[in-house]
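Visitor: If you're matching them up, the sequences are chains A and B in order.
Counting in the UniProt record's numbering, the first sequence runs from 1 upward without gaps.
Counting in the UniProt record's numbering, the second sequence runs from 1 upward without gaps.
Glycine residues also receive a C-beta, built at the ideal position from the N, C-alpha and C atoms.
Mind looking over this structure? Questions follow.
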Amino acid sequence: MVGWAVALHGGGGDIPIDLPDERRIPRETALRHCLDLGISALKSGKHPLDVTELVVRELENHPDFNAGKGSVLTAQGTVEMEASIMDGKTKSCGAVSGLTTVVNPVSLARLVMEKTPHIYLAFDAAEDFARTHGVETVESSHFITPENIARLKQAKEFNRVQLDYTAPTPKEPEIFGDSQTGTVGCVAVDSAGNLAAATSTGGYVNKMAGRIGDSPIIGAGTYANHLCAVSATGKGEYIIRATLAREVAALMEYKGLSLTEAAAYAVEHSGPRGTCGLVAVSANGEVAMPFNTNGMFRACATEDGYTEVAIWPKK
Amino acid sequence: MGKWAIAVHGGAGIDPNLPVERQEQAKQLLTRCLNLGIAALRSNVSAIDVVELVVRELETDPLFNSGRGSALTEQGTVEMEASIMDGTKRRCGAVSGITTVKNPISLARLVMDKSPHSYLAFSGAEEFARKQGVEIVDNEYFVTEDNVGMLKLVKEANSILFDYRIPLGCAGAAVTDSPILMNGLPISIYAPETVGCVVVDREGRCAAGTSTGGLMNKMMGRIGDSPLIGAGTYASELCGVSCTGEGEAIIRSTLARDVSAVMEYKGVGLQEAVDYVIKHRLDEGFAGLIAVSNKGEVVCGFNCNGMFRGCATEDGFMEVAMWE
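Structure follows, in structure tokens:
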């Protein structure tokens, strides 16, 4: 009898080890809170699709993560949010991009999956779809936080696309190849072996309008099949070309690797250091959370009582 | 020095009642595009450049479902998408929601080469296009009479139409349930298709590109498999792949990526990888693909009743075909 498991992330990247308490503690608290939400949902028998959706909704609503409220800003100072969700058993999936007023992008992605013959809707049309289906929308300004306005300013000053966890302090972060963070995600498996994965993001600070990253791309930022469920974070361009989320499952399928081996291998081979991380669960209730960046906001729990909330690599 | 190989496609799933003159037109277009690619390869043009120039030709010709001749959205407009990938370093570029750029594949290439990103869409992509100075036209340029007529019929049938008609027993439910599709249509019944090209050059570099207008009567803003790296297009050091068919099925099965993954992780050759993926990865879907390997091989595979395709190798092999 296999147990349930859940893992979630709030983004991986160049998270400075001296992150001040006032920036670290709220995030750790949020991760623990979301983990608890996921745990009780699984304990009450909710399907992993419901679990991942509700956890990601919570992360989207939290202003300190780069998704929903708190999304980083485009070069124009606007938000363009995207998300995707996938059901491992049926491989049904849904994705959205270019959202500007939808409060919970992951829920719209789920709606696309369940209420349209398509998988992926984007921009104005996705917004229209949200309205015709009575999905909660708000003024765009709702999503914009002072922190992100500052980040955009800083990025423009340095005239480059920037990771969104750089503290807006005078210290210029170590040039680690412009490592990126942001994106939130959740993966879950129940005791029946049902799997699901969901990912949501505002993208890159100072990104071009219309830029789509890995988070809404099935196989890149999100993937689930009968073996595992994966949600990735990091530099979108690397995750796309490496089809990172799919890679974990492919390694398990084609090379017979275990979840832990496959996840570690996939992250290691997807690009240079500082480019990505992921959370994954297997049909057997295992969890893996590898990353090749300085840190990754993450949390996980398994039915046997193990829980973890962490930011940097474990010693 | 290795040997080059090239394949092109104009879509999977063909109406067996397709009039002969349309079949001929399709074959001629495929032949012309193949020859364009062959001439380029003989003059040592790189794989990625060959892919772009061949797909441009397919986009410009109104016959298939890409560029001019694209399927229409539910509002009667055209929204195109494309992606291109260079196997050598796995660099890629993609665009969606293109309405005024004459050659979406070239815009995808520019995204890959001239932007810090991999994928641009809708007005952001159009703005990038203007800044890059690519050729811009009105949306009407892409709309053909044939497709306007087709859209009307589809709306009457009130179903999503894949851009080909498939006989009963070999199609998704949406198509088989629609009788209109089975009786001949009053207007020309040629059904346009997604296009693609895969190439390996003499240096063993693989590249792939795919371009489409998407599903007839699709929702505005709907993105299919063609611009999604890993689904409609993929290229690695080992192979280049372009897929066509039921977009949703191709996305779910990350079809293009899987061909390469099977080669990489199971160590099998191109033919075996393509056969495996077509047979085992497309559970309830219908699709086809073309693929080349860094060893100069070319393979086509599909689980539907036909695929417009053409392929050629440096050894002198050349074939343009539609059916099994």
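1. For the segment 228-244 of chain A, enumerate the residues whose C-beta is nearer than 8 Å to any C-beta of chain B, in chain order.
2. So does the segment 141-161 of chain B actually touch the segment 119-129 of chain B, counting three or more Cβ pairs closer than 8 Å?
3. Scan the segment 274-286 of chain A for residues whose Cβ lies nearer than 7 Å to a Cβ of chain B and list them as they occur along the chain.
4. For the 8 Å Cβ check, are there 3 or more pairs between the segment 239-253 of chain A and the segment 147-158 of chain B?
5. Taking C-alpha atoms, which residue in Ala5/B, Ser211/B, Val55/B lies nearest to Asn44/B?
6. What is the rounded straight-line gap between the Cα of Leu282/B and the Cα of Ser236/B?
7. Any residues in the segment 6-34 of chain A with a beta carbon nearer than 9 Å to a beta carbon of chain B? Which ones, in chain order?
8. Among the residues of its own chain, which have a CB less than 6 Å from the CB of Ala12/B, if the five just before and after it don't count?
9. At the 8 Å Cβ level, is Ile48/B part of the contact set with chain A, yes or no?
10. Here's the rule I'm using: 16 or more other beta-carbon atoms within 10 Å means buried, otherwise exposed. How should Gly316/B be labelled?
11. So is Ala7/A buried or exposed if we call it buried at 16+ other beta carbons inside 10 Å?
12. Does DSSP put Val267/A in a helix, in a strand, or in coil?
13. Any beta carbon of chain A sitting closer than 8 Å to that of His117/B?
14. Would the beta-carbon of Val184/A fall within 8 Å of that of Glu60/A?
15. Hey, is Pro186/B's beta-carbon within less than 8 Å of any beta-carbon in chain A?
16. At the level of alpha carbons, what is the spacing between Glu308/A and Glu58/A?
17. Along chain A, which residues have their Cβ under 9 Å away from the Cβ of Thr99/B?
18. Sort Leu30/B, Arg222/B, Gln23/B by Cα distance to Val54/B and report the nearest one.
19. Shorter than 8 Å from the beta carbon of residue 316/A to some beta carbon of chain B?
20. Find out if the Cβ-Cβ distance for the pair Ala56/A, Cys228/A is shorter than 8 Å.
21. Hey, quick one: how far does the beta strand (DSSP E) through Glu82/A stretch, first residue to last?
22. Check each residue of the segment 219-230 of chain B: if its Cβ is closer than 7 Å to any Cβ of chain A, include it; give the result in chain order.
23. Taking Cβ-Cβ distances shorter than 9 Å, what residues in chain A pair up with residue 366/B?
24. Which chain B residues sit within Cβ distance under 7 Å of Gly185/A?
25. In three-state terms, what does DSSP make of Cys34/A?
26. Rounding to the nearest angstrom, what Cα-Cα distance links Glu145/B and Thr275/A in this structure?
27. Using a Cβ-Cβ cut-off of 7 Å (strictly less than) and excluding sequence neighbours within five positions of Thr254/B, which residues of its own chain qualify?
28. Drop a sphere of 10 angstroms on the beta-carbon of Asn206/A, count the other beta-carbons inside from all chains shown, and report buried for 16 or more, exposed for fewer.
29. Name the DSSP bridge partner or partners of Leu54/A?
30. Quickly, what does DSSP pair Arg211/A with across the bridge? List them, please.
31. Go ahead and pull the three-state DSSP assignment for Gly234/B.
Guide: This is what the structure gives:
1. Gly236, Glu237, Ile240, Arg241, Ala242, Thr243
2. no
3. none
4. no
5. Ala5/B
6. 21 Å
7. none
8. Thr244, Gly245, Ala287, Gly288, Phe302, Cys304, Met307
9. no
10. exposed
11. buried
12. helix
13. yes
14. yes
15. Unreliable placement is indicated for Pro186/B, whose pLDDT of 27 sits below 50; the coordinate value is still reported in the next sentence. For Pro186/B, the answer is no, since every Cβ of chain A falls outside 8 Å of its Cβ.
16. 18 Å
17. Those within 9 Å of Thr99/B in chain A number zero; the least Cβ separation is about 12 Å.
18. Leu30/B
19. Since the first residue of chain A shown is 1 and the last is 315, residue 316/A is not available in this structure.
20. One detail in the question is off: residue 56/A reads as Val in this sequence, not Ala. The answer is no: Cβ separation not under 8 Å.
21. 81-87
22. Met219, Met220, Gly221, Arg222, Ile223, Leu228, Ile229, Gly230
23. An answer regarding residue 366/B cannot be provided, because it is not within the stretch 1 to 324 covered by chain B.
24. Ordered by position in chain B, no residue passes the 7 Å Cβ test against Gly185/A, which lies about 18 Å from the chain.
25. helix
26. 48 Å
27. Gly230, Ala231
28. buried
29. According to DSSP, Leu54/A bridges with nothing at all.
30. Leu120/B
31. The identity of residue 234/B in the sequence shown is Tyr, whereas the question assumes Gly. Strand.
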